[in-house]
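Novice: Here it is, the structure, as structure tokens.
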Amino acid sequence: MGLIARLRRILDFPIEDVIGIVLTFAILATMSTQVFLRYVLNDSLIWSDELARYLLIAMAFIGCAAGVRKRCHIRIDVIDLILPDSARRALAVIVDAIVLFYLGYIVFTSIGILGIFARQPSTAMGVSMAVPYSVITIGFGLAALRMVLLYLPRPRE
């Protein structure tokens, strides 16, 4: 197996799905712990709501990459219904190029934002706000990678 085939095999692994499962269980564990502490022990954690919120936001941005990989984002297909096949394929390539440009722009811009928020702590947990904001860079970066992989040829096994 060549280097390109190995690299493609690694990149084809659905890491977004694994991250989504881990994030779901982390939210479940955080909120279950909070409910137990609040209603059974009559105590609470001050940071659990903030953590669950950041994990849910992370799940949305990582899910964006999974949507690109599976090609299941919402789209308006009225124009697709009236176009011939060749024009439909050309329009899909143009739309994907525009989306890829947008994803790249957001990744580039979000890297600059990380520097701005690096010294600002979050309200309850006290971690750098660059940590939750990095999910934008990671999620859209993964989505851009998945968009490129849709157009790269698959190596023959």
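All residue numbers in the sequence shown are consecutive under the numbering used here, ending with 821.
For glycine and all other residues, C-beta sits at the position ideal for the given N, C-alpha and C.
Since the model is a prediction, treat every value here as computed from it, not as a measurement.
Buried or exposed: T639, going by 16 or more other Cβ atoms within 10 Å of its Cβ?
Specialist: Any property of residue 639 remains undetermined from this structure, which presents the chain solely from 665 to 821.
Novice: Between which two residues does the alpha helix (DSSP H) containing A808 stretch?
Specialist: Taken as a continuous stretch (DSSP letters only), the alpha helix (DSSP H) holding A808 covers 794-815.
Novice: Determine the closest residue to I802 out of V686, M723, F700, E714, with distance taken between C-alpha atoms.
Specialist: For the residues V686, M723, F700, E714, the minimum Cα distance to I802 belongs to M723.
Novice: Compute the Euclidean distance between the alpha carbons of L814 and V686, then round it to the nearest angstrom.
Specialist: So the alpha carbons of these two residues sit roughly 25 Å apart.
Novice: Residues bridged to P785 by DSSP?
Specialist: Partner(s): S792.
Novice: DSSP three-state call for R753: helix, strand or coil?
Specialist: Note: R753 maps to helix in three-state DSSP.
Novice: When the Cα atoms are used, what is the spatial distance from S708 to G790?
Specialist: Distance between the alpha carbons of S708 and G790: 17 Å.
Novice: Hey, is the segment 793-808 in contact with the segment 728-736, meaning 3+ C-beta pairs nearer than 8 Å?
Specialist: Counting Cβ pairs under 8 Å, three or more are found: they touch.
Novice: Let me confirm a value: F700 is counted as buried when at least 16 other C-beta atoms fall within 10 Å, else exposed. Which label applies?
Specialist: Flag for F700 reads exposed.
Novice: Check whether the Cβ atoms of D744 and R752 sit closer than 8 Å, and answer yes or no.
Specialist: Against a cut-off of 8 Å, the Cβ pair of R752 and D744 comes out as a contact.
Novice: Between the beta-carbon of A756 and the beta-carbon of L719, is there less than 8 Å?
Specialist: Cβ distance not < 8 Å, so A756 and L719 don't count as in contact.
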